[in-house]
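First comes the structure, then the notes that go with it.
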Amino acid sequence: MKFNDLINKGPIYVAGAVFIAVALGVFLLAVLAATITFRRAEVASIYNNVKVPIEGIEPRSGLWGQNYPREWETWKKTREMDFKSKYLGSVMDDVLAHRPEMVVLWAGYAFSRDYSAPRGHWYTIEDMRQTLRVGAPGVDGQGDLQPGTCWACKSPDVPRLMQEKGLENFYQAKWSDWGPEVVNAIGCADCHDPATMNLTITRPALVEAYQRQGKNIKDATLQEMRSLVCAQCHVEYYFKGDGKYLTFPWDDGMSMEDMEAYYDNLDYGDWTHALSKTKMLKAQHPDYELFKLGTHGQRGLSCADCHMPYISEGGLKFSDHHLMSPLKNVASTCQTCHRDTEANLISYVYERQDKILEIRDRLEPELAKAHIMAKLAWEKGAAEAEMAPAQKLIRAAQWRWDFGVASHGASFHAPIETQRILAHGLDKALQAQMLLKDVLYGQGLTEFEMPDLSSKEKAQAYIGLDMDKLRGQKAEFVKTVVPQWLDAARKNGRI
């Protein structure tokens, strides 16, 4: 019925229509108000009806999970090992088996024994105990290969111990001293204030790095904190001095060259290479530094935007705590911003990775060759003065290689910068070879044969590792020492 026809029927019809419209509007508003009230009550019930009071630093994430079951259930998915992309995934993978030249690059350093792609946060403690890089303290009279600082990023037990024992005492202890204490995998207390559930920094090294730069981390925005809680661990760092004090080398800047200059000014080295006798740098995992140089970092995105996308459930919106590759869930990560098909978006990532890994795969054998040429030169009686220029280039080349490959996701986070870094590494490795060739010629060696590095086993034998012995000691350590740690932890209520 048209409005004019309604008017022609008389005022009573108009009044009736208006009444019905108003009543319908009031009803709809009432439904909306009830829905809002219900949703608010639902949210309030979660944050006000705390089942388990959390006070201080509580490392046992399962207790937090009773108060925040949605986040807890998604975090537990970090134990899943069902994702495999073109390059790695959530499954432990023996990287040295795929790229055996890396054994030579790390000769004399524990990474030459064992280097596997990481699994999810669920496994941080288990994988730490299992790796050959920490040795087997307590077996066959072995001491500790690593200091207590090596636990720093592995568990919410760490800030608890730092508070209880003192920061310096935590760092300078032996790695095995904290075996019965560090027993809970990365969890809630690493990133959240239990009183407010706000994001918080629990590792002093990040706060101290900010202070040395003249900045106060308390001024960080919420969006910045969604990356900074990750940057407590996913960064380049070193153990300073005899006390093994955890330090971020950001004083002069956060680029690869800035940190290299920082180390060079200190004449710092992580170890002396067993073949080339070069004082080497070991990049850890400069994820945050490279991310800041990439497109997404420069446009203000955070780590959590892609690795912990939001989930809506009922009236709640919360972060998915199943930290993972965005490629596992493209619809909730990439496609929230990019209007393209999932297949296309994944192909863009792989294209960047393919091109960058071409340079990586070219660099690794040339860098291994430079170390081996240096070894031959020393054996022929080369002098330190004539070796120093080549050693300087080897150190610089390997720093660039390691900076590019040790960073998780570098080829996507900052593909242009990563490609630049690796290309410069290849250039310096080839320059080192040219200098070493002159040294070898001067010693009368004009030809030499490269060793067979076609497998991890052959490479490890070449640098003198007795892997059967190391694996046997580790098996005994896991069988005898780790159960003692766990028994002590249970008795002390740590687990």
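Here the sequence shown is numbered in numbering that gives the first Met the number 0, starting from 0 and rising by one per residue. Ideal placement from N, C-alpha and C gives every residue a C-beta, glycine not left out. Quick caveat, the model's predicted, so the values are computed rather than measured.
Within 10 angstroms of the beta-carbon of I415 lie fewer than 16 other beta-carbons, which makes it exposed.
Counting the other Cβ atoms within 10 Å of the Cβ of V404 gives 16 or more, which makes it buried.
A282 and F247 do not touch by the CB rule: their CB atoms are close to 13 Å apart, not below 8 Å. Straight through space, the alpha carbons of R419 and Q430 are spaced by roughly 17 Å.
Its Cα nearest to that of G299, the residue T220 stands out among T220, I355, L434 and S331. For secondary structure counted as the alpha helix (DSSP H) over 4 or more consecutive residues, the region 208-282 holds these complete runs in sequence order: 221-230 and 255-265. Per DSSP, reduced to three states, the secondary structure at H370 is helical. Under DSSP, the beta-bridge partners assigned to L198 are H191.
Look at L315 here: in three-state DSSP terms it is strand. Excluding five sequence positions before and after G186, the CB atoms of its chain that fall closer than 6 Å to its own CB belong to S60 and P155, given in chain order. The region 125-134 and the region 155-171 do not touch, with fewer than 3 CB-CB distances between them shorter than 8 Å. DSSP, read as helix, strand or coil, puts I310 in strand. V51 and L62 have their C-alpha atoms roughly 7 Å apart. Secondary structure note for T123: its alpha helix (DSSP H) is the uninterrupted segment T123 to Q129.
Out of L274, I358 and L439, the CA that lies nearest to the CA of L104 is found in L274. Beta-bridge annotation (DSSP): G88 is paired with K83.
Taking C-alpha positions only, P450 is separated from A382 by approximately 24 Å. Closest in alpha carbon position to R394, among V206, T271, A151 and Q212, is T271.
In this structure, the beta-carbon distance from G142 to W177 does not fall below 7 Å. Under the 10 Å beta carbon count, P68 is surrounded by fewer than 16 other beta carbons and is classified as exposed. When DSSP states are grouped into helix, strand and coil, P136 belongs to the coil group.
The three-state secondary structure of D143, taken from DSSP, is coil. DSSP places Y114 outside any alpha helix (DSSP H), giving it a letter other than H or E. Around the Cβ of Y309, a 10 Å sphere holds fewer than 16 other Cβ atoms; the residue is exposed.
Under DSSP, no beta-bridge partner is assigned to D339.
Taking the C-beta atoms as reference points, L245 is found no nearer than 7 Å to A188. Out of D139, G140 and F169, the CA that lies nearest to the CA of A151 is found in F169. By the neighbour-count criterion, in which a residue is buried when 16 or more other Cβ atoms sit within 10 angstroms of its Cβ, Q210 is exposed. Under the three-state reduction of DSSP, D93 is assigned to strand. Straight-line measurement puts the Cα of G314 at about 28 Å from the Cα of E57. Our two residues, L362 and K368, have alpha carbons roughly 10 Å apart in a direct line. When the five nearest sequence neighbours on each side are left out, the beta carbons in the same chain lying within less than 7 Å of the beta carbon of L166 are those of P203, in order along the chain. Here G296 has F290 as same chain residues with Cβ atoms under 6 Å from its own Cβ, once five neighbours each way along the sequence are excluded.
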